[in-house]
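Under this note's numbering, the first residue of the sequence shown carries the number 1253, and numbering increases by one thereafter.
Backbone N, C-alpha and C define an ideal beta-carbon position, used for all residues, glycine too.
The structure displayed is predicted, hence computed values, not measured ones.
Written below as structure tokens is the structure these notes are about.
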Amino acid sequence: MIPRRIAAMVAAVILLVVAFPVSAQTQSKEVSQKAAETIEAIRSYTVEKKDEALAYVRKVGADVDARIKDLKAQAARQTGEAKARSQALIKELEAKRAEAGKKASDLSRATKASWDKAKDAFAEAYREVAAAYDRAAAEIRK
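Dropping the structure here:
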């Protein structure tokens, strides 16, 4: 009985160790893909569909916030220099996310005349969030 338990525990640990990098890598790819889709979707909205665009932006923002929270949890399990590098990259990611939040607010106040400019500004800010996420996720994968 004891050898089976030990074997099961060892198998579980190996599975966790092997699955962790794949999970971070998968999330990074998902964020990159979601960023491209988000940018394309936002640019497709007309000012007449502003409310729909803003609802979409809020949904995407909540998703990014959840992923940042997950990265923070993963970084908290690191030690030493790796933890410090991950935390610095997460801080940069949070700053980019805050900037995207400001651009989302600008988008909510956009008029017909400023709509296209506001959409482009949000799209660029969101692209920077995705790039910062990729950098942080890559560091955590190391």
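**Item:** Residue range of the alpha helix (DSSP H) that includes Q1339
**Value:** Numbered from its first residue, the sequence shown carries residue 1339 at position 87. Residues G1332 to R1361.
**Message:** If you follow the alpha helix (DSSP H) that R1319 is in, where does it begin and where does it stop?
**Reply:** If you number the sequence shown from 1, residue 1319 lands on position 67. Boundaries of the alpha helix (DSSP H) harbouring R1319: K1302 to A1328, taken from the DSSP string.
**Item:** Extent of the continuous alpha helix (DSSP H) run through V1381
**Value:** Here residue 1381 refers to the residue found at position 129 of the sequence shown. Counting along the chain, the alpha helix (DSSP H) containing V1381 begins and ends at W1367 to R1393.
**Prompt:** For K1348, which residues from the same chain have a beta carbon less than 6 Å from its beta carbon, with the 5 sequence-adjacent residues on both sides left out?
**Reply:** Counting from one through the sequence shown, the residue named residue 1348 turns up at place 96. Here the set comprises E1380, V1381 and A1384.
**Asked** Considering only the beta carbon of each residue, do V1309 and F1374 sit closer than 8 Å?
**Response** Sequence index remark: in the sequence shown, residue 1309 carries index 57 (1-based). Sequence index remark: in the sequence shown, residue 1374 carries index 122 (1-based). Yes. Within cutoff.
**Meets three-Cβ-pair contact criterion under 8 Å: the segment 1353-1360 and the segment 1330-1344** = Because the criterion of three Cβ pairs below 8 Å is not met, the segment 1353-1360 and the segment 1330-1344 do not touch.
**Request:** Give me the Cα-Cα distance between I1291 and D1372, rounded to the nearest whole angstrom.
**Result:** Residue mapping note: residue 1291 aligns to position 39 of the sequence shown, counting from 1. Residue mapping note: residue 1372 aligns to position 120 of the sequence shown, counting from 1. Going by the C-alpha atoms only, they are around 9 Å apart.
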